[in-house]
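Just below is one structure, and these are the notes that go with it.
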Amino acid sequence: MELFLLILAIFFLYKGVRALRRHSAVRKHGEDEPAPGAVRVELPQGAPAQWFGADKTPEVNGWSIPGGLVYIGGKLLDYTGFNDPCLINTDLKTEPGLSPQYPVEDSFPDYGKLSPGQRGAYLSWLSKGRSDPSADIAYVFLFFYGLERRLLIDGQRRLVSAEERGEIVRELLRLLPIYGENRGFRGYCRNLLAVEWVLYGKPDEQPPYVDFSDRYCAEPFAAVLARYAAAEEPIPPDTALQWLILNPEHGLKTAARRCPDLFRKLFAVRYREKFGDGMIIRSTKTSLTLTYKAASPSLGDRLRLRIPGLPNPFILKTPLKKIAAIAGRCADELEAYSRHIARGGSPDAPGAAALLPRDLLAETPAGEGVRGRLARLCGGEIRLVDADAVFGALGRPVPPKMDLKRSEELAETLETFGFGMAPDVRIHALRPSPRGKIALFSPFVRPSSPAEFALAAALIRLGCLTAQAAAGVSGEEMNVIRSFLPEEGILSGEEKTSLEALLAWCSSVPQTAAGLRGVLAPLSPDEKAAMGRIMAAVAAADGTVDPAEVRQVEKLYAYLGLERDQAARNIHAVVTGTPRAVPARQGSPGVFSLDMDLIRLREEETRRVGGILREIFSSEDEEHVEPLPAPDPSDPLSALDEGHRTLLQTLLRRETWRREEYLSLCDKLSLPPDGALEIVNEWAFRAAGAPLAEDGDPIYIDIALAEEVLSNGRQKDENQAP
-3 MELFLLILAI FFLYKGVRAL RRHSAVRKHG EDEPAPGAVR VELPQGAPAQ WFGADKTPEV
57 NGWSIPGGLV YIGGKLLDYT GFNDPCLINT DLKTEPGLSP QYPVEDSFPD YGKLSPGQRG
117 AYLSWLSKGR SDPSADIAYV FLFFYGLERR LLIDGQRRLV SAEERGEIVR ELLRLLPIYG
177 ENRGFRGYCR NLLAVEWVLY GKPDEQPPYV DFSDRYCAEP FAAVLARYAA AEEPIPPDTA
237 LQWLILNPEH GLKTAARRCP DLFRKLFAVR YREKFGDGMI IRSTKTSLTL TYKAASPSLG
297 DRLRLRIPGL PNPFILKTPL KKIAAIAGRC ADELEAYSRH IARGGSPDAP GAAALLPRDL
357 LAETPAGEGV RGRLARLCGG EIRLVDADAV FGALGRPVPP KMDLKRSEEL AETLETFGFG
417 MAPDVRIHAL RPSPRGKIAL FSPFVRPSSP AEFALAAALI RLGCLTAQAA AGVSGEEMNV
477 IRSFLPEEGI LSGEEKTSLE ALLAWCSSVP QTAAGLRGVL APLSPDEKAA MGRIMAAVAA
537 ADGTVDPAEV RQVEKLYAYL GLERDQAARN IHAVVTGTPR AVPARQGSPG VFSLDMDLIR
597 LREEETRRVG GILREIFSSE DEEHVEPLPA PDPSDPLSAL DEGHRTLLQT LLRRETWRRE
657 EYLSLCDKLS LPPDGALEIV NEWAFRAAGA PLAEDGDPIY IDIALAEEVL SNGRQKDENQ
717 AP
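Going by our numbering, the sequence shown opens with residue -3, and the numbers climb by one from there.
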């Protein structure tokens, strides 16, 4: 029985082999050369084919082919031993009459398998310059097969000159706009152009026609990436993103696909934030071999092209994961804007600007609209405007309060469009009110001398604080304040514009002395005396010493630990002493003016108090942890133990903390960083229904919320007092 089954199996195997060989013989011959019934297959026996370059005009059966770029003859073997499909076999019959529009059903056209009429249609298309846009795409592919073979087979054998390669490239570029609507042809054509450059071109001169955005070009793109790895050079953001796009294991989110241009711009920004000039990947020991997926069946499914001297970067996984993480975050940032566009929203709408990441605002239609609205608000000068008008120009709702984070975001957004504001919390150490005024100006330039600028900003605030004790800041007082500002050449014109905007804002918005006493108390006697003279000069600037101004200066002197009577004496000395009185202009009887050159303090003295002023009006200095006394049981802080009370009181000294500062603080208090912040936030939730700290780097502290909780506690104490 087993022997019978074995004989039966051998019989069917024999019949199957005969059928396959007969089918192969029929498939490889033209219709006018039917295969014999025998199993023997006739291999090509004609004259060897010849390549005709672009400068030739060969003739085939009466058809002239201008521009050549074809193989003509009787034999051009492929890797299977049969004729290449691209070969124009002169031994086969052709017939005129059919239009090049006549369809070819075979997905992989073969000149030897075309009917005589189809061969005539193909030769007709070639003879008319290969430019008929209505021609069946099969004829275009048939011609393309020959270009592939010439570049990748003959070219690797060094049979093709650089000049001839250039002619083939130019022909491919000519065909693309004519037949590129066909997705398959466009992809294969771009891939061949890219591979030609990788194999034969100059590595540092990528031609503009090489397009790696097409997934067909993933293999040649590996050579680009490999060159960065071999040279250990930073990978630019566009190249990094293309690596991700061409990797089949990764895909872009909907927002990235819906808004590709914005996504690319945002990715470049975030990528540089993370990697600076670019990510550097190390060279691998695996050499790079490109697998070329040819259009022509004669080259096989996978033609392997070895690139000597280059590593294979595509085997690396970790760098790609980092790039994918950045791309994912960028898509998330664009999600709200993407949904707005998907619902039919206009990209020009003010609301669209509010949905965009700040880094993209200036480069979108919505951003152009914002810039125009800000320009109309500003009017090309320093102008005090309502804060809600600024938020309206940005297409954003007015926040209930301006904490440090919101204040920074507003200033940075305005800077994106070239506008500045006063107060700018980043450089003026002051925050605007969401319902108050903002001094808007343009252009904005970040200070080139931060120390000098910060000193000038602090002097402006101190001067306005002194002058506002009377009816307001007079013109003379503003001139005195200006006199304390740095000399010409120390600050740029744009920086002085920012200070003028701050002066305009400070002189219009009431300033407070909150927090001064604790900072002024430790100053040396000389520093206190210098501060006192500055205040006296401002108070006496307009020649009319208002009692309210004297009281304000006396109050500040008390903070300094100076005698209150010394305030009046210093003001009197300014008016009648060293500074010389100058007669008033005609028409202003009784008004006193000052010689500005004489009342200017010495530069050394001003510089000496510069650090003090910055400490008064800025909260960025190093904080020291001091033990706190046990709170009263009725105090809201009594819900916290000593360690967490100390942490909270220390955090409330300023609104932003670098992560490393916070960790150091917790270490000093022997508190676990994550748990400590959680306990403080729970305390705030119980007291006010909102968190006090926003974790991250930096950590933001909601001081206004804490003040609300503590003030409510004090009010309860007062109400309960007998």
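Glycine residues also receive a C-beta, built at the ideal position from the N, C-alpha and C atoms.
Helix, strand or coil at residue i [DSSP, three-state]
{"i": "G489", "result": "helix"}
{"i": "G305", "result": "strand"}
{"i": "A418", "result": "strand"}
{"i": "N178", "result": "coil"}
{"i": "A580", "result": "Caution applies to A580, whose pLDDT of 35 falls short of 50 and renders its modelled position unreliable; the model cannot decide the point."}
{"i": "S120", "result": "helix"}
{"i": "L558", "result": "coil"}
{"i": "I277", "result": "coil"}
{"i": "V546", "result": "helix"}
{"i": "L73", "result": "strand"}
{"i": "Y205", "result": "coil"}
{"i": "T652", "result": "strand"}
{"i": "N243", "result": "coil"}
Start and end residues, alpha helix (DSSP H) containing residue i
{"i": "P216", "result": "214 to 227"}
{"i": "T412", "result": "400 to 412"}
{"i": "Y333", "result": "331 to 338"}
{"i": "L380", "result": "Segment 379 to 382 is the beta strand (DSSP E) holding L380; no alpha helix (DSSP H) there."}
{"i": "P361", "result": "361 to 374"}
{"i": "H640", "result": "638 to 647"}
{"i": "R268", "result": "256 to 271"}
Cα-Cα separation, residue i to residue j
{"i": "E550", "j": "E472", "result": "21 Å"}
{"i": "Y696", "j": "R266", "result": "22 Å"}
{"i": "L768", "j": "A338", "result": "What is shown of the chain runs -3 to 718, which leaves residue 768 out entirely."}
{"i": "L436", "j": "I423", "result": "15 Å"}
{"i": "C502", "j": "C460", "result": "6 Å"}
{"i": "A350", "j": "A252", "result": "18 Å"}
{"i": "R392", "j": "L455", "result": "33 Å"}
{"i": "V729", "j": "I530", "result": "Lying outside -3 to 718, the shown extent of the chain, residue 729 is not represented and no answer is given."}
{"i": "E704", "j": "K318", "result": "43 Å"}
{"i": "K261", "j": "G363", "result": "14 Å"}
{"i": "R729", "j": "P304", "result": "This structure cannot speak to residue 729, because the chain is shown only from -3 to 718."}
{"i": "E55", "j": "S103", "result": "27 Å"}
{"i": "R145", "j": "E405", "result": "59 Å"}
{"i": "Q152", "j": "F271", "result": "38 Å"}
{"i": "D92", "j": "A117", "result": "The question names Asp, yet the displayed sequence has Pro at residue 92. Each residue's alpha carbon lies about 7 Å from the other."}
{"i": "L188", "j": "Y107", "result": "21 Å"}
{"i": "P129", "j": "E411", "result": "51 Å"}
{"i": "T86", "j": "P173", "result": "31 Å"}
{"i": "A290", "j": "G347", "result": "49 Å"}
{"i": "E448", "j": "L499", "result": "16 Å"}
{"i": "A190", "j": "L110", "result": "31 Å"}
{"i": "L39", "j": "G296", "result": "19 Å"}
Test: residue i CB closer than 7 Å to a CB of chain B
{"i": "V394", "result": "In the displayed structure, chain B is absent; only one protein chain is listed."}
Delimiting residues of the beta strand (DSSP E) encompassing residue i
{"i": "A435", "result": "433 to 437"}
{"i": "Q46", "result": "46 to 48"}
{"i": "G142", "result": "That residue, G142, is in no beta strand (DSSP E); its alpha helix (DSSP H) goes 133 to 145."}
{"i": "F283", "result": "Looking at the sequence provided, one finds Ser at residue 283 rather than Phe. 283 to 288 is the extent of the beta strand (DSSP E) around S283."}
{"i": "G197", "result": "First-last for G197: undefined, no H or E at that position."}
{"i": "Y696", "result": "695 to 697"}
Neighbourhood of residue i by C-beta distance below 8 Å, restricted to the same chain and skipping five residues each side
{"i": "L701", "result": "A680, A684, A686, L688"}
{"i": "G125", "result": "P62, G63"}
{"i": "D234", "result": "R260, A264"}
{"i": "G176", "result": "R182, C185"}
{"i": "K281", "result": "P307"}
Same chain, Cβ closer than 7 Å to residue i, neighbours up to 5 away in sequence not counted
{"i": "S60", "result": "T53, S123"}
{"i": "Y658", "result": "P669, I695"}
Residue i: CB within 6 Å of a non-hydrogen atom of the ligand ATP
{"i": "A371", "result": "The ligand ATP is absent from the structure shown, which contains no ligand whatsoever."}
Cutoff 6 Å; reference residue i; Cβ partners in own chain excluding five residues on either side
{"i": "V386", "result": "I434"}
{"i": "L644", "result": "V676"}
{"i": "Y759", "result": "An answer regarding residue 759 cannot be provided, because it is not within the stretch -3 to 718 covered by the chain."}
{"i": "L73", "result": "none"}
Cβ-Cβ separation, residue j to residue i (assumed contact under 8 Å), whole Å
{"i": "P430", "j": "P396", "result": "7 Å"}
{"i": "L357", "j": "T409", "result": "7 Å"}
{"i": "L458", "j": "R427", "result": "About 18 Å separates the two Cβ atoms, so there is no contact after all."}
{"i": "A236", "j": "L284", "result": "With a Cβ gap of about 18 Å, A236 and L284 do not count as contacting."}
{"i": "T462", "j": "L552", "result": "7 Å"}
{"i": "L169", "j": "Y196", "result": "Incorrect: roughly 16 Å between the Cβ atoms, too far for contact."}
{"i": "E163", "j": "A45", "result": "19 Å between Cβ atoms; not a contact."}
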